[in-house]
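Peer 1: Encoded as structure tokens, here's the structure I'll be asking about.
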Amino acid sequence: MTRPVKDETEKQNTVLPPIRCTVYEKAQISQKAEQSGMTLSEYVRQMALKGKIVIKQSLVEFTYFDQLRKIGVNINQQTRQLNATGIVPEQLPRLWEKLEELMDKMLESK
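Okay, here's the thing in structure tokens:
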């Protein structure tokens, strides 16, 4: 079975007039397009039509945020125990260390 033929309104064969920018601006635009997972043409087209682009998170960032969420849940549980008993749980200082390490890694990766 062959692919259906696109209607003329769906074809992307119309060329826009070129835009002028500095080498630095082009590098910035290209970098943003790459970060958003789009081609340069697609990025410029979406910015012109919608005015905003949602940049996809990398797998590394998602992993860090997931770990932060888990550590936050653990710290919340330990803090509740501290407030209820007045005794500092053994795990609480270690959780704070993990949190600081993870935050350092996130800052280094930016």
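Counting with my numbering, you get residues 109 to 218 for the letters of the sequence shown. Every residue gets a Cβ at the ideal spot worked out from N, C-alpha and C, and that includes glycine.
Give the secondary structure of G194 by DSSP, where H, G and I count as helix, E and B as strand, and everything else as coil.
Peer 2: Three-state result, G194: coil.
Peer 1: Cβ of I195 versus every heavy atom of the ligand FMN: is any distance shorter than 8 Å?
Peer 2: Of the ligands one can find in the structure shown there are none, so the ligand FMN has no counterpart to examine.
Peer 1: On the three-state DSSP scale, how would you describe T171?
Peer 2: T171: helix per DSSP, three-state reduction.
Peer 1: Going straight from the alpha carbon of M214 to that of F173, what length do you get?
Peer 2: Rounded to the nearest angstrom, the two C-alpha atoms are 9 Å apart.
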